[in-house]
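Before any comments, here is the structure.
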């Protein structure tokens, strides 16, 4: 029997993402908004990388208001990793009602109950009914 998670993954709404914006595209966009030329923006972003590397390497979290916090931590094996926690305002903006302007797959299925997902799944997978 199929599990509910399989139905949610198959029929639930999800962002239909574009290709990832690469550094060159981000630099050009930032340059057009700030009055800085592209090489200045590139330098700032490269220095931001260096600053995060330096401070996290010293055991100091880096908080960038409007962006988030980069924090070093040790995993169970003692290996150091970096975590990122997005700024609350950034999350509120993107998660708000008008924050996401991109395409969405299965948008009409938003809010379907487990029973409604079962009907969709069982119709498409008669030999593997959904267990709810």
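Residue numbers (the working numbering): 482 to 613.
Ideal placement from N, C-alpha and C gives every residue a C-beta, glycine not left out.
According to the DSSP secondary-structure assignment, residue 497 is paired through a beta bridge with 584. In this structure, the alpha-carbon of residue 579 lies about 10 Å from that of residue 573. Counting only residues of its own chain and dropping the five nearest sequence neighbours on each side, residue 549 has a CB closer than 7 Å to the CB of 565, 566, 567, 568, 571. Within the same chain, 609, 610, 611, 612 come within 8 Å of residue 482 by CB-CB distance, once the 5 residues on both sides are set aside. For residue 522, the number of other beta carbons within 10 angstroms of its own is at least 16, and it is reported as buried. Sequence-distant partners of residue 509 (beyond 5 residues in either direction) whose C-beta falls short of 7 Å from its own C-beta, in its chain, are 519.
Collapsing the DSSP output to three states places residue 594 in coil. Within the model, the alpha-carbon separation for residue 539 versus residue 545 is close to 17 Å. Put simply, of 534, 495, 505, 486 the residue whose alpha carbon is nearest the alpha carbon of residue 584 is 495. Contact check for residue 486 against residue 595 fails: the beta carbons are separated by 8 Å or more. For residue 567, the enclosing beta strand (DSSP E) stretches over residues 561 to 567. If you check the CB distance, residue 492 and residue 556 do not come in under 8 Å.
In the structure shown, residue 549 falls within a strand segment according to DSSP collapsed to helix, strand and coil.
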